[in-house]
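Position 84, counted from 1, in the sequence shown is what UniProt numbering calls 84; the numbers after and before it change by one each time, with no gaps.
Quick reminder that beta carbons are idealized off the backbone N, C-alpha and C, glycines included.
Note that the structure is a prediction, hence the values are computed from the model and not measured.
Structure record follows, encoded as structure tokens.
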Amino acid sequence: MGMAKIKKGDTVVILSGKDKGKTGEVTQSLPKDGKVVVAGVNVITRHRKPSQTNPQGGLERKEAPLHASKVAIADPKSGKPTRVRFETKDGKKVRVAVKSGETISG
1 MGMAKIKKGD TVVILSGKDK GKTGEVTQSL PKDGKVVVAG VNVITRHRKP
51 SQTNPQGGLE RKEAPLHASK VAIADPKSGK PTRVRFETKD GKKVRVAVKS
101 GETISG
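Structure below.
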């Protein structure tokens, strides 16, 4: 998998798991693990013991990375999941939504 198909700031649709069907924005891409972090999706709750930085302790909610194969780029036209292919336009490599042929910004 050469260039990453999914980048930070992309809107993606979750294809599987408990958040299936949700859409969200990619806040972090971890290409070497093949994972992405999507805002508001796959939120896990960590029980934190009280510590000096956080004397209250309590529940820390944070997004856990999802495997990149579980998400698909949302088509800019329809918002539905689509595959992505690369095309060269004006000498630039751009990502194109397979379903609608729309160029995906970024």
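query = Of all the beta strand (DSSP E) runs that stay within the bounds of the stretch 52-76, which reach a length of 3 or more residues?
reply = 58-63 and 71-74
query = Do the CB positions of Val96 and Arg85 come within less than 7 Å of each other?
reply = In the sequence shown, counting from the first residue as 1, residue 96 sits at position 96. In the sequence shown, counting from the first residue as 1, residue 85 sits at position 85. Yes, Cβ-Cβ distance for Val96 and Arg85 is below 7 Å.
task = Can you give me the start and stop residues for the beta strand (DSSP E) that Val98 sits inside?
result = Here residue 98 refers to the residue found at position 98 when the sequence shown is read from its first residue. No beta strand (DSSP E) contains Val98, which DSSP labels as neither H nor E.
request  = Report the partner residues of Gly24 according to the DSSP bridge assignment.
outcome  = Indexing the sequence shown from 1 puts residue 24 at position 24. Looking at the DSSP assignment, Gly24 forms a beta bridge with Val12.
message = I'd like the list of long-range same chain contacts for residue 192, defined as Cβ closer than 8 Å, with 5 residues on each side in sequence excluded.
response = Given a span of 1 to 106 for the chain in the structure shown, any question on residue 192 remains unanswerable.
ask   = Nearest-angstrom Cα distance between Gly21 and Pro81?
value = Counting from one through the sequence shown, the residue named residue 21 turns up at place 21. Counting from one through the sequence shown, the residue named residue 81 turns up at place 81. Their Cα atoms are separated by approximately 9 Å.
task = Taking Ala74 as the reference, give the member of Asp19, Gly91 and Glu25 with the closest Cα.
result = Counting from 1 along the sequence shown, the entry for residue 74 is found at position 74. Taking the Cα of Ala74 as reference, the smallest distance to any Cα among Asp19, Gly91 and Glu25 is reached at Glu25.
request  = Compute the distance between the beta-carbons of Gly58 and Lys49, then report whether it is under 7 Å.
outcome  = Position 58 of the sequence shown, counted from the start, is the residue given in the question as residue 58. Position 49 of the sequence shown, counted from the start, is the residue given in the question as residue 49. No, these two residues do not count as a Cβ contact at 7 Å.
message = In the DSSP output, what is Val37 paired with across the bridge?
response = In the sequence shown, residue 37 corresponds to position 37, counting from 1. Answer by DSSP bridge pairing, in chain order: Gln28.
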